[in-house]
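*Asks:* Chains as they are written, first to last, in my numbering: chain A, 1 to 184; chain B, 185 to 368.
Glycine included, each C-beta is placed from N, C-alpha and C at the ideal position.
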DNA sequence: TTAAACTTTCAATAATTTCTGAAACTTTAA
DNA sequence: TTAAAGTTTCAGAAATTATTGAAAGTTTAA
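So, in structure tokens, the structure goes:
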């Protein structure tokens, strides 16, 4: 399967960015190619198009499945597995966020919770525990917020994002209306 | 400088998480230790406490400065450089977000913009360009939103985050009040 | 069954990233 | 000046991570 220069450069870019996005080059390239392809692709298609060994493709697909980013498709009368992106761009981005939050924040939250509970052994540790509590609270606020945002419908979320910092105005407006409403 | 077990385990955790957070083990440990320390620490303090070579500390500090996460402090009558976190936890988290956004999204946005402008060479490329446009729009919306959030004061932002998905209610409330207000 | 078609696993190797330590460089007090 | 106190650089070594490819495993049609 031959790629046009534009598609190829996108796919290679995904490979280069792979490690920054939390996976590796192979995984990045494969995801990039699946996104660009209207038809689902087999492991052999991926292996040949990207010049990647069959075994590496298999491991990469497994990893992409653990991120819930690709799904398997079967064609009638063909026993090969074909792969395609598991949902639209929006869903995929959501899954990446969620998975990275799990990997990048959850372990730290656990450690901090455990470290904060018991009494400080000395003044130095008391300071450290205060800082840990600060970090914990920030991470927790972000985690809770992120999961609430993810539970919103894409439409609501888009409205909110398009509103941007204008949301402040709306919050002030609400306060004003409520205050003028109750004559206390 | 000897660390209590709790502080040590936090610092080592930061080292292990380092690469997931966008830097490496040494950088993670150093940032962790600086966060836990009430006093600024010198390069030698860091090197000895963490058993890291002097050269490695120097490179790590340079990297942390490029992320704007540590600042240099000079004590009167002492020509050593001392290092401390550059701001409170909130500011630090902001800088990490911003820096990562730059590294993880901006290059892709540039590539996508460039790929989308010219005419598709064939049907296959037309499909790919549509997808690229979708990805571009999503990344751009997120980028713009993130930078607007970062421009908000920490208090407003905390209010907004604490409100969580309840923000939807406020948006609906606004629409209702405005609608009932103008009798069109 | 069985053998063809396909997938997965994993030990060995390659590639990449990180770390060390010695040498070069800079600054400052005397 | 100069030498002591400090910092930075960078080539090579060590550690980590990614990749291959051959062998083992699985599924299905006949």
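1. Just verifying my parser: in three-state terms, what is the DSSP assignment at residue 165 of chain A?
2. Between which two residues does the alpha helix (DSSP H) holding residue 189 of chain B run?
3. So with CB distances below 9 Å, who are the chain A contacts of residue 327 of chain B?
4. Would you check if the distance between the CB atom of residue 33 of chain A and the CB atom of residue 49 of chain A is smaller than 8 Å?
5. With a floor of 3 residues, list each beta strand (DSSP E) that falls wholly inside the segment 46 to 96 of chain A, ordered by position along the chain.
6. With a threshold of 8 Å between beta carbons, is residue 348 of chain B in contact with chain A?
7. Taking the beta carbon of residue 337 of chain B as the centre, do at least 16 other beta carbons fall within 10 Å, making it buried, or is it exposed?
8. If I follow the unbroken alpha helix (DSSP H) through residue 186 of chain A, where does it start and stop?
9. Does chain A have any CB closer than 8 Å to the CB of residue 278 of chain B?
10. Below 8 Å CB to CB, which residues in the same chain sit around residue 29 of chain A once its five sequence neighbours on both sides are set aside?
11. Establish whether the CB of residue 249 of chain B and some CB of chain A are separated by less than 8 Å.
12. Determine, using beta carbons only, whether residue 115 of chain A comes closer than 8 Å to chain B.
13. Does DSSP classify residue 171 of chain B as helix, strand or coil?
14. Let me know if residue 110 of chain A comes out buried or exposed under the rule of 16 or more other beta-carbons within 10 Å of its beta-carbon.
15. Could you tell me whether any Cβ in chain A is nearer than 8 Å to the Cβ of residue 368 of chain B?
16. When you compare the CB of residue 378 of chain B with every CB in chain A, is at least one pair closer than 8 Å?
17. Considering only their Cβ atoms, is the gap separating residue 296 of chain B from residue 279 of chain B smaller than 8 Å?
18. In three-state DSSP terms, what is residue 357 of chain B?
19. For residue 367 of chain B, which three-state DSSP category applies?
20. Would you say residue 140 of chain A faces chain B, with C-beta separation under 8 Å as the test?
21. Using only the alpha-carbon positions, how far apart do residue 117 of chain A and residue 189 of chain B sit?
22. What did DSSP end up calling residue 154 of chain A once you bin it into helix, strand or coil?
23. In terms of residues, what are the limits of the alpha helix (DSSP H) holding residue 185 of chain B?
24. Nearest-angstrom Cα distance between residue 316 of chain B and residue 303 of chain B?
*Replies:* Checking against the coordinates, here is how it stands:
1. Working through the first chain from its first residue, we reach residue 165 of chain A at position 165. In the structure shown, residue 165 of chain A sits in a helix (DSSP, three-state: H, G or I).
2. Residue numbering aside, residue 189 of chain B sits at position 5 when the second chain is read from its first letter. Residue 189 of chain B -> alpha helix (DSSP H) spans 189 to 201.
3. In the second chain, counting from the first residue as 1, residue 327 of chain B sits at position 143. By Cβ distance, chain A contributes nothing, its closest Cβ being about 10 Å from residue 327 of chain B, past 9 Å.
4. Taking the first chain and counting its residues from 1, one reaches residue 33 of chain A at position 33. Taking the first chain and counting its residues from 1, one reaches residue 49 of chain A at position 49. In this structure, residue 49 of chain A lies closer than 8 Å to residue 33 of chain A by Cβ.
5. Listed in chain order, they are 70 to 73, 82 to 85.
6. To locate residue 348 of chain B, count along the second chain from 1; it is residue 164. Interface residue, yes.
7. On the second chain, position 153 is the one that residue 337 of chain B refers to. With fewer than 16 other Cβ atoms within 10 Å, it is exposed.
8. Not covered by the structure: residue 186 of chain A. The range shown for chain A is 1 to 184.
9. Counting from 1 along the second chain, the entry for residue 278 of chain B is found at position 94. Not one chain A Cβ lies under 8 Å of residue 278 of chain B.
10. In the first chain, the residue the question calls residue 29 of chain A occupies position 29. Excluding sequence neighbours, residue 29 of chain A sits near 11, 12, 14, 15, 18, 50, 52.
11. On the second chain, residue 249 of chain B is found 65 positions in, with the first residue counted as 1. Residue 249 of chain B does not count as touching chain A.
12. Against the first chain, residue 115 of chain A aligns to sequence position 115. Residue 115 of chain A counts as touching chain B.
13. Only positions 185 to 368 of chain B appear in this structure, which leaves residue 171 of chain B out of reach.
14. Along the first chain, one-based indexing puts residue 110 of chain A at 110. When all chains shown are included, residue 110 of chain A counts as exposed.
15. The residue labelled residue 368 of chain B in the question sits at position 184 within the second chain. Any reading at residue 368 of chain B must be qualified, since the residue scores a pLDDT of 39, below 50, and its modelled position is unreliable; the value itself is stated next. Not closer than 8 Å to any Cβ of chain A, the Cβ of residue 368 of chain B fails to qualify, so no.
16. A question about residue 378 of chain B goes unanswered here, because the residues of chain B that appear run from 185 up to 368.
17. As a first step, residue 279 of chain B is located in the second chain; it is residue number 95 there, counting from the start. As a first step, residue 296 of chain B is located in the second chain; it is residue number 112 there, counting from the start. Not a contact, by the Cβ cut-off of 8 Å.
18. The residue given as residue 357 of chain B occupies position 173 in the second chain. Residue 357 of chain B falls in the helix class under three-state DSSP.
19. In the second chain, counting from the first residue as 1, residue 367 of chain B sits at position 183. Here the model assigns residue 367 of chain B a pLDDT of 44, short of 50, so the residue's position is not dependable, and the following value carries that caveat. Residue 367 of chain B falls in the coil class under three-state DSSP.
20. Your numbering for residue 140 of chain A matches position 140 in the first chain. No, residue 140 of chain A lies away from the interface with chain B (no Cβ there is under 8 Å from its Cβ).
21. Stepping through the first chain from its first residue, residue 117 of chain A is reached at position 117. Stepping through the second chain from its first residue, residue 189 of chain B is reached at position 5. Distance between the alpha carbons of residue 117 of chain A and residue 189 of chain B: 14 Å.
22. Taking the first residue of the first chain as position 1, residue 154 of chain A is located at position 154. Here residue 154 of chain A sits in helix by DSSP.
23. Indexing the second chain from 1 puts residue 185 of chain B at position 1. No alpha helix (DSSP H) holds residue 185 of chain B; DSSP gives it neither H nor E.
24. Here residue 316 of chain B refers to the residue found at position 132 of the second chain. Here residue 303 of chain B refers to the residue found at position 119 of the second chain. A direct Cα-to-Cα measurement between residue 316 of chain B and residue 303 of chain B gives close to 13 Å.
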